[in-house]
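Colleague: Mind looking over this structure? Questions follow.
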Amino acid sequence: MNMIYRQPMQNVPKAPLISVANLGSVELVTLSQETSTSIEQLTELAYARANKFVLVLVENGSISATQRGRQCRLEAGQYAFFDCSNATRFAAIGDYKLLGIFIPGFLLQARLRNMPAIVAQPLACTGSPWRIAANLVRMLTNEIRHIPAPTAYCYANQVVELVSVAVEADTQSSFDFTGRNAIFRRCAAYVKSHLADCSLDPNMIADAMGISVRYLHKVFQESGESVCEYLRSARLETSRLVLADPQKASIQIREIAHRVGFRSQAHFAAAFKSRYGISATTWRRTASDKLAADPVCAAMVSEAA
């Protein structure tokens, strides 16, 4: 459900109008201003969401942002990511309109491997990937009040995926210094589409990509993780998302473990607790309790029941 916040008028014709819509694990924000005042609401929202990244896409006008001593200016048709765990200040002069997406850090970092390189860097929204992603976000913002909470989590995952695809398209030439990055993305896509195969290993991945196992290890070494580490991370992050999705609450944990490629529930349980510090059962219950404690989401779940 959309929540509207208005600042009191202080010698200006109009005050900033901000809309915040909860969509499962992400939040969609629209903010517009027709006078020369700062966008303090966005700064406050970012401050209160230390475990998230915010994607800011400027549709009209321009804004500036400062984070960890790095300042960037975003013009219409540009976007940037900001890490909300670090103090961020947004400001604008004149008319502007922007779209923001708050995404949990673990979700975004599991999908985009080069986040440290692109934080607080202005990038252009080019090509069809961004048109598709932006149109979906606008549509969801308009329809959010009609989307049941369990279904919202599915849409949230789609938003993260479409945004990631668009970012990868934009950053390929800017941040990919060798052709190995393109091979890494192909390998990562193959891994994610074959997680259920418990026999998936470096040999299978190398054969599918048409490269040697030695070269495969070299490609992943440059990304900061070994092939096996990446494979395990992908399986655990996928299971974590499924466990947090209320629409999949009826699926038993052992079945989820099997679907992401673990041979046994015991092996999965040990790996999950080692990675996140809590059991899979506790994580699922915590996610469920958080949903129930949110009055907006709880009402939507009740309506869907």
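Taking our numbering, the leading residue of the sequence shown gets 7, the next gets one more, and so forth.
Beta carbons are placed, not taken as given, at the ideal position from N, Cα and C, and that holds for glycine.
Residue 286 to residue 101, Cα distance in whole Å?
Modeller: Reading the sequence shown from its first residue, position 280 is the one you call residue 286. Reading the sequence shown from its first residue, position 95 is the one you call residue 101. Distance between the alpha carbons of residue 286 and residue 101 is about 47 Å.
Colleague: Going by DSSP, what residue range makes up the beta strand (DSSP E) through residue 66?
Modeller: Reading the sequence shown from its first residue, position 60 is the one you call residue 66. Where residue 66 is concerned, the enclosing beta strand (DSSP E) stretches over 58-73.
Colleague: Return the first residue and the last residue of the beta strand (DSSP E) that residue 110 is part of.
Modeller: Indexing the sequence shown from 1 puts residue 110 at position 104. Where residue 110 is concerned, the enclosing beta strand (DSSP E) stretches over 94-110.
Colleague: Do you know how far the Cα of residue 50 is from the Cα of residue 93?
Modeller: On the sequence shown, position 87 is the one that residue 93 refers to. On the sequence shown, position 44 is the one that residue 50 refers to. When rounded, the distance between both Cα atoms is 10 Å.
Colleague: For residue 313, collect the residues of the same chain with a Cβ closer than 6 Å to its Cβ; drop the 5 residues on either side in sequence, then sort them by chain order.
Modeller: Given that the chain is displayed from residue 7 to residue 311, the structure contains no residue 313 and the question cannot be resolved.
Colleague: Applying the 10 Å Cβ sphere with the 16-neighbour rule, what's the burial state of residue 28?
Modeller: By one-based count along the sequence shown, residue 28 stands at place 22. With 16 or more Cβ atoms within 10 Å of its Cβ, residue 28 is classed as buried.
Colleague: For residue 262 and residue 112, I'd like the C-alpha separation in whole angstroms.
Modeller: Walking along the sequence shown from the start, residue 262 turns up at place 256. Walking along the sequence shown from the start, residue 112 turns up at place 106. Taking the straight line joining both Cα atoms gives about 19 Å.
Colleague: Can you name, in chain order, every residue of its own chain whose Cβ lies under 7 Å from the Cβ of residue 118, other than the five neighbours on each side?
Modeller: Counting from one through the sequence shown, the residue named residue 118 turns up at place 112. 170, 173.
Colleague: Taking the alpha-carbon positions, what's the residue 136 to residue 176 distance?
Modeller: Taking the sequence shown and counting its residues from 1, one reaches residue 136 at position 130. Taking the sequence shown and counting its residues from 1, one reaches residue 176 at position 170. Looking at the two C-alpha atoms, the distance is approximately 9 Å.
Colleague: Please give me, in chain order, every unbroken run of the beta strand (DSSP E) with length at least 3 that falls completely inside the region 203-251.
Modeller: Counting whole runs of 3 or more residues, the region 203-251 contains no beta strand (DSSP E) stretch at all.
Colleague: So the alpha helix (DSSP H) residue 146 belongs to, where does it begin and stop?
Modeller: One-based indexing of the sequence shown puts residue 146 at position 140. Here the alpha helix (DSSP H) through residue 146 covers 133-149.
Colleague: With contact counted as at least three CB pairs below 8 Å, one residue from each stretch, are the region 123-141 and the region 258-275 in contact?
Modeller: No, the region 123-141 does not touch the region 258-275.
Colleague: Assuming residue 61 contacts residue 96 (C-beta within less than 8 Å), just tell me the rounded distance between them.
Modeller: The residue you call residue 61 lines up with position 55 of the sequence shown. The residue you call residue 96 lines up with position 90 of the sequence shown. 13 Å between Cβ atoms; not a contact.
Colleague: Which word fits residue 212, buried or exposed, when buried means at least 16 other C-beta atoms lie within 10 angstroms of its C-beta?
Modeller: Locating residue 212 in the sequence shown gives position 206, counting from the first residue. Buried, by the Cβ-count rule.
Colleague: In this structure, what does DSSP give as the bridge partners for residue 76?
Modeller: The residue given as residue 76 occupies position 70 in the sequence shown. Paired residues: 73.
Colleague: Use the C-beta contact count for residue 283: other C-beta atoms within 10 angstroms, 16 or more gives buried, fewer gives exposed.
Modeller: Counted from its first residue, the sequence shown places residue 283 at position 277. Exposed, because fewer than 16 other Cβ atoms sit within 10 Å of the Cβ of residue 283.
Colleague: Count the other CB atoms, across all protein chains shown, that sit within 10 Å of the CB of residue 106; report buried if there are 16 or more and exposed otherwise.
Modeller: Taking the first residue of the sequence shown as position 1, residue 106 is located at position 100. Buried, since its Cβ has 16 or more Cβ neighbours within 10 Å.
Colleague: Taking the alpha helix (DSSP H) that residue 124 belongs to, which residues open and close that run?
Modeller: Your numbering for residue 124 matches position 118 in the sequence shown. Note, residue 124: alpha helix (DSSP H), 121-124.
Colleague: Grab me the residues of residue 72's own chain with a C-beta within less than 6 Å of its C-beta, minus the 5 sequence neighbours each way, in chain order.
Modeller: As a working mapping, residue 72 is identified with position 66 in the sequence shown. 95, listed in sequence order.
Colleague: Kindly list the residues whose CB is nearer than 7 Å to the CB of residue 214, restricted to its own chain and excluding five residues on each side of it in sequence; keep chain order.
Modeller: The count along the sequence shown starts at 1 and reaches residue 214 at position 208. Cβ neighbours of residue 214 beyond the five flanking positions: 196.
Colleague: Thinking C-beta only, is residue 159 closer than 9 Å to residue 30?
Modeller: The sequence position of residue 30 within the sequence shown is 24, counting from 1. The sequence position of residue 159 within the sequence shown is 153, counting from 1. The answer is yes: Cβ separation under 9 Å.
Colleague: Verify whether the separation of the beta carbon atoms of residue 90 and residue 126 is less than 9 Å.
Modeller: As a position in the sequence shown, residue 90 is number 84, starting the count at 1. As a position in the sequence shown, residue 126 is number 120, starting the count at 1. No, they are not a contact pair.
Colleague: Please report the straight-line C-alpha distance between residue 227 and residue 239, rounded to a whole angstrom.
Modeller: In the sequence shown, residue 227 corresponds to position 221, counting from 1. In the sequence shown, residue 239 corresponds to position 233, counting from 1. C-alpha separation (whole angstroms): 15 Å.
Colleague: For residue 110, count neighbouring C-beta atoms within 10 Å of its own C-beta (all shown protein chains included) and say buried if the count is 16 or more, exposed if not.
Modeller: On the sequence shown, residue 110 is found 104 positions in, with the first residue counted as 1. Its Cβ being crowded by 16 or more others within 10 Å, residue 110 is buried.
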